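Residue 438 in the UniProt record's numbering sits at position 438 of the sequence shown; the count goes up by one each step and never skips.
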Amino acid sequence: MVLPRPPLNEVFPMPRAPRQRSGTPLPVKIAIGALAVLLVGAPFVPRGDDDDDGAVRPSASGEAPELDAATAGTSAITPVAQREIDRVVAQGATVGRTLTARATPALLAQTQVRCADFEGQRYCLHSGWTTDTPDEVVSGVIDAARQESARRTTNTVNTGDADLLTTLRRSAALSPAARAAADRAELTAAARSVAKVWLLRHQIQGVPLPEGFLEEHPEVTVPAAAKSTAGATASPTASPTAVTAPTDKTNQDYPQNKWILDYKKVAEQTVTYYCGPTSMQMIAWNWSGTRKSQSYWADRLGTTSNGSAISDLVRVTNASTGWDRKAYAGPYIVLDIKDFSYRQWMLLTMRHIVDYRAPLILHPILHKEFYPYLDDDASGHFQVGRGYNKRGDKANLVSYFEPWNQQRFDPSEPYIARLQNRSAYKSYRANLAHFQHNIGV
């Protein structure tokens with residue numbers, strides 16, 4: 001069979017393969033039942049190949065001219081953050097002593113989706129960073145569980161995005177001690193990424209930064225690629241003041257098109273529910289230059305026949321690649337985009353590609369209304385974001401690696417190419433239509 005070529009020529013010039021980088025993924029063999037052991041057994045180790053030469057420091061006027069191109073490395077765990085972690089973990093020990101995987105969806109959500117406040121940003125266990133209230137997050141999980149039950153009565157294909165209820169049941173099946181250890185590890189990882197969350201909210205949505213933010217977060221830096229194009233800055237002072245004005249970088253400030261990753265380092269999923277392992281395979285392969293099997297990544301993600309969780313893709317990206325370094329994206333996070341406009345979503349995409357030079361973990365619902373190459377509606381899904389094209393009067397495009405090829409599992413259905421350049425607005429809508437409405441950045 002002759003497979004159709006992806007429609008590239010009219011959209012993106014063919015990129016050269018990037019230079020190989022050092023940073024071989026650390027092999028860590030786990031079993032699904034040892035989830036807590038994995039999380040606790042991989043303590044935070046600061047990356048030794050980064051320095052603070054690009055640190056953003058406030059000027060005499062209180063402004064940081066380079067802040068629009070800044071990223072954030074790993075944040076320190078402050079005493080306040082540690083107390084918050086301890087509080088949420090203790091809360092779980094109180095309400096979850098008799099919890100089992102057979103509990104009702106409402107009980108699973110109410111006892112396990114608990115939220116922490118880190119410097120004014122809300123992180124909810126098993127869900128990610130959000131601007132929703134804790135009650136809204138729990139209600140959303142319960143509603144999603146009902147929708148998932150309805151979906152299972154239809155013939156919707158599961159391409160491998162684990163529903164949140166499955167994740168909660170897996171956690172509930174752990175012993176109380178193992179569950180508490182897993183919760184502590186997740187909350188600690190969240191607290192270490194708080195500077196990045198604040199920075200993204202500021203850069204993308206114009207949320208004012210807290211007073212003293214730059215002084216308290218020296219891990220905020222400007223990547224070398226962005227700094228080389230930055231203008232002159234005012235002299236730093238010893239007494240920083242608040243940075244309250246939104247940054248000025250807008251969609252118009254980014255180049256017309258940009259792409260990263262090697263289009264030859266792609267793969268289609270070999271199992272119907274392997275969109276997570278296959279996306280992880282492509283992300284890691286494009287970092288290290290070494291192709292590891294999809295089953296290798298399924299082990300590390302804890303993938304089951306229900307699929308993989310976005311929180312696990314973020315965790316493994318941080319643990320097994322260098323895309324989380326300060327010179328690139330900083331620590332990956334699960335970010336709720338429910339309150340993002342299309343322009344903000346597009347700005348986040350361009351920022352990730354141009355300023356971070358790092359892939360996005362796209363998390364859409366795989367429906368025909370958003371992806372015309374589909375023969376049937378499918379489940380939630382993962383794709384690897386790697387570029388965009390602003391086409392003036394024409395609709396913007398996003399470029400991504402698509403792991404799903406329906407023809408592999410049903411020869412009567414049309415072939416789907418790995419490299420896709422499709423409507424950015426439809427990708428945004430597909431992301432928003434997913435019940436978790438979040439993204440890995």
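Cβ atoms here follow ideal geometry from the backbone N, Cα and C, with glycine treated the same way.
The model shown is predicted, which means the values in this text are computed figures rather than measured ones.
- Task: Look at V138 and Q121 and say whether their C-beta atoms are less than 8 Å apart.
- Result: no
- Could you spell out the range, first to last residue, of the beta strand (DSSP E) harbouring K258? 257–259
- Which of helix, strand or coil DSSP assigns to R21: In this prediction, R21 scores a pLDDT of 43, lower than 50, which makes its location untrustworthy; the coordinate-derived value is nonetheless stated afterwards. Residue state, collapsed to three classes: coil.
- Query: Is the Cβ-Cβ distance between D68 and Q269 less than 8 Å?
  - Reply: No. Outside cutoff.
- Which partner residues does Y400 have in the DSSP bridge list? Per the DSSP secondary-structure output, Y400 pairs in a beta bridge with G385, Q420.
- Reference Q406; option with closest CA among Y425, V271, P364: V271
- Query: Does the separation of the CB atoms of G302 and D312 fall below 8 Å?
  - Reply: The Cβ atoms of G302 and D312 lie closer than 8 Å to each other.
- Task: Output the boundary residues of the alpha helix (DSSP H) element that contains V314.
- Result: Its alpha helix (DSSP H) spans residues 310–320.
- Item | Status (buried if at least 16 other CB within 10 Å, exposed otherwise) for D161 | buried
- Cβ-Cβ distance between Y342 and V441 below 8 Å: no
- Query: I200 by DSSP, collapsed to three states: which one?
  - Reply: Looking at the sequence provided, one finds Leu at residue 200 rather than Ile. In this structure, L200 counts as helix in the three-state DSSP scheme.
- Query: Under three-state DSSP, which class holds A116?
  - Reply: strand
- Go ahead and label A101 buried or exposed: buried means 16 or more other beta carbons lie within 10 angstroms of its beta carbon, across all protein chains shown. Only exposed fits A101, as fewer than 16 other CB atoms lie within 10 angstroms of its CB.
- Roughly how many whole angstroms lie between the Cα atoms of P403 and P359? 14 Å
- Would you mind stating whether T78 and K326 have Cβ atoms separated by less than 8 Å? Contact: no.
- Item | C-alpha distance - A76 paired with H352, whole-angstrom precision | Cα to Cα, A76 sits roughly 23 Å from H352.
- Item | Assigned exposure category for E211 - 16 Cβ within 10 Å defines buried | Around the Cβ of E211, a 10 Å sphere holds fewer than 16 other Cβ atoms; the residue is exposed.
- Query: Smallest Cα separation from I337: which of E84, A178, G128?
  - Reply: G128
- Item | Endpoints, the alpha helix (DSSP H) within which N286 is located | 275–288
- Task: Grab the span of the alpha helix (DSSP H) containing L335 for me, first residue to last.
- Result: It is not in any alpha helix (DSSP H) - L335 instead sits in the beta strand (DSSP E) that spans 334–336.
- Query: Hey, quick one: how far does the beta strand (DSSP E) through W129 stretch, first residue to last?
  - Reply: Per DSSP, the unbroken beta strand (DSSP E) holding W129 starts and ends at 128–130.
- Run the CB neighbour count on E369, radius 10 Å, all protein chains shown included, and call it buried at 16 or more, exposed below. exposed
- Residues bridged to Q121 by DSSP? F118
- Of the listed residues A395, L397, S399, G73, nearest to V197 (C-alpha basis): G73
- Message: Assuming V334 and I310 are in contact, meaning their beta carbons sit under 8 Å apart, how far apart are those beta carbons, in whole angstroms?
- Response: 6 Å
- Query: With burial defined as no fewer than 16 other Cβ atoms inside 10 Å of the residue's Cβ, what is the status of A93: buried or exposed?
  - Reply: exposed
- Message: In the DSSP output, what is T304 paired with across the bridge?
- Response: T304 is bridged to G307.
- Task: Indicate whether the contact test is met: 3 or more Cβ pairs, each with one atom in the stretch 413–427 and one in the stretch 371–386, closer than 8 Å.
- Result: Yes, the stretch 413–427 touches the stretch 371–386.
- Item | Paired residues, beta bridge with L347 - DSSP | The beta-bridge partner set that DSSP reports for L347 is empty.
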